[in-house]
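According to our numbering, the residues represented by the sequence shown are 174 to 288, in order.
Note that beta-carbon positions come from the ideal geometry of N, C-alpha and C, so glycine has one too.
Report on the following structure.
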Amino acid sequence: MHELSITESLLELCEEYAQGKIVEEVHVKIGRLSGVEASLLQRSFETFKENSFICKNAKIILHLQEVLVECPKCHFSGILEKNIFWCPKCEDKNLKIIDGEELYLMRLILQEDLK
Numbered sequence: 174m175h176e177l178s179i180t181e182s183l184l185e186l187c188e189e190y191a192q193g194k195i196v197e198e199v200h201v202k203i204g205r206l207s208g209v210e211a212s213l214l215q216r217s218f219e220t221f222k223e224n225s226f227i228c229k230n231a232k233i234i235l236h237l238q239e240v241l242v243e244c245p246k247c248h249f250s251g252i253l254e255k256n257i258f259w260c261p262k263c264e265d266k267n268l269k270i271i272d273g274e275e276l277y278l279m280r281l282i283l284q285e286d287l288k
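Rendered as structure tokens:
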């Protein structure tokens with residue numbers, strides 16, 4: 174389960190960027206082609222955030238991203254409904270993937286310093 178190593182990296186990023194502040198929300202974008210199972214990532218985060226003082230009470234908010242493509246032949250631009258990589262309009266196989274392959278930390282919502 175690579176979601177565990179992703180969670181560990183995510184918690185490290187949160188601690189680095191929070192700079193000592195408490196994290197209330199962690200927003201993560203998960204592309205449909207990222208290979209990450211959203212429910213497993215959520216469960217892993219909920220389990221392992223307990224080991225982080227900064228993220229202990231944080232909520233993880235997952236933003237699921239569809240696969241967006243462009244066709245250079247017919248100029249179709251839109252969502253690829255299925256993982257069949259040819260243009261839904263002209264059936265050309267030379268699609269360019271614009272979005273939906275990544276997983277990244279979008280934003281942190283922080284509390285004020287406890288001091």
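Residue 256, buried or exposed, once every other Cβ within 10 Å from all chains shown has been counted against 16
exposed
State whether the region 246-260 contacts the region 214-234, with contact taken as three or more CB pairs (one from each stretch) at a distance under 8 angstroms.
no
Run the CB neighbour count on residue 271, radius 10 Å, all protein chains shown included, and call it buried at 16 or more, exposed below.
exposed
Please give me, in chain order, every unbroken run of the beta strand (DSSP E) with length at least 3 that falls completely inside the region 182-253.
196-204, 232-238, 241-243, 250-252
Whose C-alpha, out of 188, 233, 263, is nearest the C-alpha of residue 145?
The requested residue 145 is not part of the displayed model; the chain covers only 174 to 288.
Candidates 195, 269, 274, 279, of which the one nearest residue 228 by Cα
195
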